[in-house]
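Q: The opening residue of the sequence shown carries number 550 in this note's numbering; numbering runs sequentially from there. Backbone N, C-alpha and C define an ideal beta-carbon position, used for all residues, glycine too. Note that the structure is predicted; figures quoted are calculated from it, not measured. Below you will find the structure I want to go over with you.
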Amino acid sequence: MAESEVNEMVHQMQRFSWVDYVVFVCMLAISAVVGVYWGFMKKQTTQNDYLLGGRNMKVVPVAMSLVASFVSGITLLGSPTEVYMYGTQYAFIMGGIFLMSFVMTQVYLPVFHDLQITSNYEYLSMRFDNRVRLFGSILFAFTLIGWLPIVIYVPALAFNQVTGVDIHVITPIVCIVCIFYTSAGGLQAVVWTDVIQITAMFGAMALVAIKGTLDVGGIGVVWQRNMDSGRIEPPNWDPNPLARHTIWNLVVGGLVYWLQANSVNQTMVQRYLALPTLRGAKCAVILFCIGISVLYCFCLYCGLLIYARFYDCDPLQTKLAKAKDQLLPLLVMDVLGDIPGLPGVFVAGIFSAALSSLSTSLNSMSAVVLEDFYKPFFKKELSDRQANWLMRGVVILLGCLCVALVFIVEKMGTILQLTMTLEAMTMGPQLGVFTMGILMPWVDATGALVGGVSGLATMSWWCLTAQMAIARGQITHPHKDLSIDGCQYNFTVVETVSQSPDEIEDVNPLLRVSYMWYTLAGAVVTMCVGAAVSRVNRVRGKAYVPPAPKLLAPQLRRLYREPPHPAEEPFIRAYGHNKDPCQVNSTSINMKPINECEEIS
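Below, the structure is given as structure tokens:
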């Protein structure tokens, strides 16, 4: 009886009217129209047009696109849940975001922008060789294939919460629209649909925040209820690396996480390279940080709002919300459900986040396939028409694969954790390899490859073992108090079996280290092993050619003067210290002709 009453309440809250459906369909239709415009009226005839918008994009649309593509439905639904369950400590990650903007604009971005490359993995062949380039590209591809189905699945859960429509009905429809405008219009369509979609995101979160605050009784009520529960927290200065969230792992670990996500990730770098000047790209980084911080503030405030609304009747224990990611949609239907059209705006905003992430990733994957999987290994040069068909084919195939993988995501509940673990396993090694190239001129190609593989192996063991311990209940993170004392309806509380203290303590302390340190740990292991292997190679007398100045960070281009090893003296005598390695070792520049190497140098 109690369960049927909860189910009846859930059914009553699924008040998605025809006006809401119209709003949602209009969002999809606008995205499709943008694809038609850039695909058929403003035809993308060359590879440069399709992948980089002719390198003539504007700063503000690109910055808005960066925010839209980085913020997926996982962020919009997961961040409020984080505050509801654990408090506001996570907000201090914004300190890491702004530190990232400084490091990126001074160190990483000038290198990529000066080289005028399409895929940032091209840099790895210029600095090292094609083996390292292939390693980075494969890591990117596998991470993307594992992450995109979740990007689609999470907003489908939200749509199911507010409408009752099966996720396998809505996901193919949304993905077909996304595949269409991405394959037809290229980067121009991606950026301009992102501009529309980020507007929908901000509008949706603002609506929920304003209307929800008024319904609860004002900001004072929201603040007081969260203060009383201990959710509004000062910085946690605990230096213990085992603590889940502290000011140290959120700022330092967050800095490294965001460096990987924004500075060396193809989906982000590709948009920065579409801007005509380095100054414009730096401005886009600053605008991106401001935009992402504002959106995070909305998300975190919505977490406070969820608790203020359900402070005495937790919907997770009563099963009014079947999953944690359905807390925000539940709040939306509670505060906006009576006003036709507003739930539709919210759902459109959540799906906009998914569409922008999906379209950007599909476009970036087409660039990686063309530049990193085809060109280095096939001698036949493709015409613009053939290249366009190849890139569009990649978008269609990968999009269809993601739709199919949603079925697996739904059936295997632990795949959400496993996929996030896959991301943690690959992010650190990728950042480590790029950092060795840009900041460690003495590291050679073999060192970079061995370092990357070592970092990947180390983080694979660490992350997978930690996830297994979490799944067995051996590692738990206590959440804030949740009450069901004020519930006005009948429900059944499901008893959870807790582990004994002996079982909980019997875990390697390394596995308890906060997940915020994973990216830093992977990068440090990669760089230490890479530097050590390179040093051994030098001692063994392996010839080493200093990298071209443009392949290094601007701060090192004048300062770095490596004393030659005796085995390198013939190279130094023949070519000099400052000669471009293109003229010595063409394989390090992906077998490009000398005249192309001179343009790069």
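Can you give, in chain order, each stretch of the alpha helix (DSSP H) that sits fully within the segment 778-826 and has at least 4 residues?
A: 803-812, 815-822
Q: Using a Cβ-Cβ cutoff of less than 8 Å, which residues in the same chain neighbour PHE847 once the five nearest sequence positions on both sides are dropped?
A: Excluding sequence neighbours, PHE847 sits near PHE751, MET754, ALA755, ALA758.
Q: When you compare the segment 876-890 with the segment 623-632, are there three or more beta-carbon pairs, one atom per stretch, that lie closer than 8 Å?
A: yes
Q: Jot down the residue ranges of each uninterrupted alpha helix (DSSP H) in the segment 680-715, minimum 4 residues, whole runs only, in chain order.
A: none
Q: Span of the alpha helix (DSSP H) holding ALA897?
A: 891-917
Q: Buried or exposed: which applies to HIS662, given that a residue is buried once 16 or more other Cβ atoms fall within 10 Å of its Cβ?
A: Label assigned to HIS662: buried.
Q: Measure how close the beta-carbons of ALA690 and MET914 come, nearest whole angstrom, since I'm counting them as under 8 Å.
A: 7 Å
Q: Taking 7 Å as the cut-off, decide whether the C-beta atoms of GLY840 and VAL616 are in contact.
A: yes
Q: Which stretch, first to last residue, makes up the alpha helix (DSSP H) that contains HIS662?
A: 658-664
Q: Are the beta-carbon atoms belonging to MET940 and LEU954 less than 7 Å from one another?
A: no
Q: Are three or more beta carbon pairs between the segment 972-980 and the segment 1065-1078 nearer than 8 Å?
A: yes
Q: Alpha carbon to alpha carbon, how far is SER778 from GLY769?
A: The straight-line gap from Cα to Cα measures roughly 14 Å.
Q: Among ALA1080, GLY767, PRO698, whose alpha-carbon lies nearest the alpha-carbon of VAL999?
A: Measuring from the Cα of VAL999, the nearest candidate turns out to be ALA1080.
Q: Look at the Cβ atom of MET985, then the Cβ atom of ALA997, and state whether they are nearer than 7 Å.
A: yes
Q: Have a look at THR1045 and VAL917 and give me their C-alpha separation to the nearest angstrom.
A: With a pLDDT of only 46 at THR1045, under the threshold of 50, the placement of this residue in the model should not be trusted, and no figure is reported.
Q: How far does the alpha helix (DSSP H) with VAL608 in it reach, from first residue to last?
A: 608-619
Q: For TRP1066, which residues of its own chain have a beta-carbon under 7 Å away from its beta-carbon, when the five flanking residues on both sides are left out?
A: Only PRO790, ASN798, GLY802 meet the Cβ criterion.
Q: Between the alpha carbons of LEU706 and ALA738, how many angstroms are there, rounded?
A: For LEU706 and ALA738, the distance between alpha carbons rounds to 27 Å.
Q: Using the three-state DSSP reduction, which class does ALA1203 fall into: helix, strand or coil?
A: A query on residue 1203 cannot be resolved here, the shown segment of the chain reaching from 550 to 1150 and no further.
Q: Is DSSP giving VAL574 helix, strand or coil here?
A: Helix.
Q: Quick one: measure Cβ to Cβ for ALA1020 and VAL1056, integer angstroms, because I've assumed they're closer than 8 Å.
A: ALA1020 to VAL1056, Cβ: 12 Å. No contact.
Q: With a threshold of 8 Å on Cβ separation, who are the neighbours of GLN809 within its own chain once the five nearest residues in sequence on each side are excluded?
A: MET976, GLY977, GLN979, LEU980, THR1068, ALA1072
Q: According to DSSP, simplified to helix, strand and coil, what is GLN743?
A: Rather than Gln, the amino acid found at residue 743 in this sequence is Asp. Reduced to three states, the DSSP call for ASP743 is helix.
Q: Can you tell me the Cα-Cα spacing of ILE513 and PHE573, whole angstroms?
A: Nothing can be reported for residue 513, as the shown portion of the chain is limited to 550 through 1150.
Q: Could you tell me the distance, in whole angstroms, from the CA atom of ILE987 to the CA atom of GLN819?
A: 18 Å
Q: What is the DSSP secondary structure of GLN1037, counted as helix, strand or coil?
A: coil
Q: Out of curiosity, what's the CA-to-CA distance linking GLY1001 and MET1076?
A: 8 Å
Q: So for GLU920, helix, strand or coil by DSSP?
A: helix
Q: Does the segment 896-913 come within contact of the segment 698-718, defined as at least 3 CB pairs closer than 8 Å?
A: yes
Q: The alpha helix (DSSP H) spanning PRO1103 covers which residue range?
A: First-last for PRO1103: undefined, no H or E at that position.
Q: In angstroms, rounded to a whole number, what distance separates the CA positions of GLY766 and SER1032?
A: 20 Å
Q: ALA1092 to THR995, Cα distance in whole Å?
A: The alpha-carbon atoms of ALA1092 and THR995 are separated by roughly 12 Å.
Q: Which residue marks the beginning of the alpha helix (DSSP H) containing TYR633, and which one marks its end?
A: 622-635
Q: Rounded to a whole number of angstroms, what is the C-alpha to C-alpha distance between CYS838 and PHE647?
A: 6 Å
Q: According to the neighbour-count rule (16 or more other Cβ atoms, all chains shown, within 10 Å of its Cβ), is GLU671 buried or exposed?
A: buried
Q: Below 7 Å CB to CB, which residues in the same chain sit around GLY685 once its five sequence neighbours on both sides are set aside?
A: TYR670, LEU673, GLN979, VAL982
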